[in-house]
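Heads up: the structure comes next, in structure tokens.
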Amino acid sequence: MSNAENQTVVIVDQHLESTLDSVDASEERVKNLAAEIGFVEDDAYQLGYAVREAMVNAVVHGNGYSANKLVHFVLSRSGASIDILIEDEGQGFVPERQADPLAEENLLNQSGRGIMIIRAFVDEFSIERAATGGTRVFLRKSLPPGT
Amino acid sequence: MSVKLTTRQIGDVTVIDAAGRITLGEGSSTFRDSIKELTAKGHKKVLLNLGDVSYIDSSGIGELVSGFTTVSNAGGQLKLLKLTKRIQDLLQITKLYTIFEVFDDEAAGLASFN
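Line order of the protein sequences matches chains A and B. If you read the first sequence in this note's numbering, its first letter stands for residue 1126, the second for the next number, and so on. If you read the second sequence in this note's numbering, its first letter stands for residue 61, the second for the next number, and so on.
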């Protein structure tokens, strides 16, 4: 990897309110950056979609829409990828405890599909417990060749 | 723009033309309320046209599943019409293609209820 690819530039580093407006704004910001960089429309849509799902998890399931809890949102880019870090102030989340949304007996469940779709739409995805006890997720989508 | 739902009655089939975004919040609750209202009125054959739905998140997908279950539990059927490529992809990823009957052509969708 060259030095240019290694260099990471932080575009946004914000603590956002636990609202759906924050979800919309984050998705839009990421999609705009992806378009500026030269992602094709479908890739920009997928990255925006993944960020939306991760932000909903933070705002709704992590922070429970609490006015006293914030979502830390960091958007950065390197020469090789767009990276997003989202951290909530909730009680933490154990993905292994989540029912398999693809199991036949769970197909008619109303919820539980967001993380599966995130994994399908980005190149790297990880979940860990934040130092505060909340959940921190990391998403990465590789830049298109030639950018 | 949130989702806009328009209902047409063709014979004994209720066609719902959806347009806009079905996402967490207003969009998904609008859809849920509409399906509940239809089943409460005895509409048991529902063809949901998603051709003009520009975006559906996982919450919206959950509402489709919930709608399917609501109509099925009332003894009816909910089928899907005119999926965009993006919604097709989402149903593939979530394996919901195995649950929903999907039609590209409205006449074929309507005929499938009889």
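A virtual CB, placed ideally from N, CA and C, is assigned to each residue, including glycine.
Residue i, buried or exposed, once every other Cβ within 10 Å from all chains shown has been counted against 16
i, result
"N1182 (chain A)", "buried"
"Y1190 (chain A)", "exposed"
"S1251 (chain A)", "exposed"
"V1219 (chain A)", "exposed"
"Q1084 (chain A)", "Residue 1084 (chain A) lies beyond the stretch modelled for chain A, which goes from 1126 to 1272, so this question has no answer here."
"D1208 (chain A)", "buried"
Unbroken alpha helix (DSSP H) run spanning residue i, endpoints
i, result
"N1157 (chain A)", "1145 to 1162"
"F1246 (chain A)", "1239 to 1246"
"D149 (chain B)", "145 to 153"
"G169 (chain B)", "166 to 171"
Range covered by the beta strand (DSSP E) that runs through residue i
i, result
"Y115 (chain B)", "105 to 116"
"G1217 (chain A)", "Element bounds for G1217 (chain A): n/a, residue is neither H nor E."
"F160 (chain B)", "It is not in any beta strand (DSSP E) - F160 (chain B) carries neither H nor E in the DSSP assignment."
"H1140 (chain A)", "1134 to 1142"
"E1229 (chain A)", "Note, E1229 (chain A): premise wrong, no beta strand (DSSP E); not H, not E."
"L1268 (chain A)", "Careful: L1268 (chain A) lies outside any beta strand (DSSP E) and carries neither H nor E."
"T1257 (chain A)", "Looking at the DSSP string, T1257 (chain A) is not in any beta strand (DSSP E), and its letter there is neither H nor E."
"D1208 (chain A)", "1206 to 1212"
"V1196 (chain A)", "1195 to 1202"
"K142 (chain B)", "Taken as a continuous stretch (DSSP letters only), K142 (chain B) belongs to no beta strand (DSSP E), as it is neither H nor E."
Which of helix, strand or coil DSSP assigns to residue i
i, result
"V1095 (chain A)", "Here chain A covers residues 1126 to 1272 and nothing more, so residue 1095 (chain A) does not appear."
"T83 (chain B)", "coil"
"D93 (chain B)", "helix"
"A1183 (chain A)", "helix"
"S132 (chain B)", "helix"
"A1175 (chain A)", "helix"
"A100 (chain B)", "helix"
"S126 (chain B)", "helix"
"S1191 (chain A)", "coil"
"S62 (chain B)", "strand"
"S1251 (chain A)", "strand"
Proximity of residue i and residue j at Cβ, strictly below 8 Å
i, j, result
"P1269 (chain A)", "G1163 (chain A)", "yes"
"G169 (chain B)", "L124 (chain B)", "no"
"F1263 (chain A)", "Y1174 (chain A)", "no"
"A1202 (chain A)", "L1145 (chain A)", "At residue 1202 (chain A) the sequence reads Arg, which differs from the Ala that was named. Not closer than 8 Å, so no."
"V1165 (chain A)", "R1154 (chain A)", "no"
"E1142 (chain A)", "L1195 (chain A)", "yes"
"H1197 (chain A)", "E1178 (chain A)", "no"
Cross-chain neighbours of residue i in chain C, by beta carbon under 7 Å
i, result
"E1178 (chain A)", "This model lacks chain C altogether; the protein chains it does include are A and B."
Check: residue i C-beta below 7 Å from any heavy atom of the ligand NAD
i, result
"F1164 (chain A)", "No copy of the ligand NAD occurs in the structure displayed, which carries no ligand at all."
For the segment 90 to 120 of chain B, which residues have a beta carbon sitting closer than 9 Å to at least one beta carbon of chain A?
Within the segment 90 to 120 of chain B, the qualifying residues are Y115, D117, S118, S119.
What are the residues in the segment 1191 to 1224 of chain A lying within 9 Å of chain B by C-beta distance?
Residues of the segment 1191 to 1224 of chain A with a C-beta atom less than 9 Å from some C-beta of chain B do not occur.
Would you list, in chain order, the members of the segment 126 to 148 of chain B that have their beta-carbon closer than 8 Å to a beta-carbon of chain A?
The segment 126 to 148 of chain B vs chain A, Cβ under 8 Å: S126, F128, T129, R146.
Which residues, in chain order, does the segment 1240 to 1257 of chain A contribute to contact with chain B at a C-beta distance below 8 Å?
Correct list: M1241, I1242, A1245.
At a Cβ cut of 7 Å, what residues of the segment 1141 to 1154 of chain A count as close to chain B, listed as they run along the chain?
Result list: L1145.
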